[in-house]
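The sequence shown maps to residues 133 to 227 in our numbering.
Glycine is no exception: its CB is placed at the ideal position from the N, C-alpha and C atoms.
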Amino acid sequence: MRILIMRITLRASWCHSLKEKRMVVRSIVQKLKNKFNISVSEVDEQDIHQKIVIGIAGICEDSAKEDSTMEKIITFIEENTDAEIVDIEKDDVIK
């Protein structure tokens with residue numbers, strides 16, 4: 133069993149208020165939870181209106197499934213939001 137841990141940083145240059153940012157964050161977080169059955173939350177930079185940092189955690193059977201899921205998550209984010217991905221951090225935990 134492997135534990136998938138990711139931290140994805142996005143830039144939403146069109147957001148000019150925290151209210152706009154929250155709408156974007158809420159949308160992408162809910163879509164990711166529904167599509168992949170993973171835990172997702174905004175984890176940092178909550179007071180900066182053009183920067184979104186989300187943390188993702190999930191359980192995978194093996195490393196191939198983990199890699200596949202990571203790629204699918206990244207592709208899904210790129211296709212479902214106008215925010216630009218600026219950084220992706222991945223951690224591997226083996227159980």
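### Assumed close pair Met138, Lys204 - CB separation to whole angstroms, cut-off 8 Å
So it is not a contact: roughly 12 Å between Cβ atoms.
### Task
Scan the segment 185-225 and note each continuous alpha helix (DSSP H) run of 4 residues or more that stays entirely inside, going in chain order.
Taking only runs of at least 4 residues, the alpha helix (DSSP H) segments lying wholly in the segment 185-225 are 195-212.
### Task
Pick out whichever of Ile135, Ala144, Ile206, Asn166 has its Cα sitting closest to the Cα of Ala215.
For the residues Ile135, Ala144, Ile206, Asn166, the minimum Cα distance to Ala215 belongs to Ala144.
### Task
Alpha carbon to alpha carbon, how far is Ile220 from Glu198? Give it in angstroms, no decimals.
A straight line joining the alpha-carbon of Glu198 with that of Ile220 spans about 15 Å.
### Task
Express the C-alpha separation of Arg154 and Leu164 in angstroms, rounding to a whole number.
When rounded, the distance between both Cα atoms is 15 Å.
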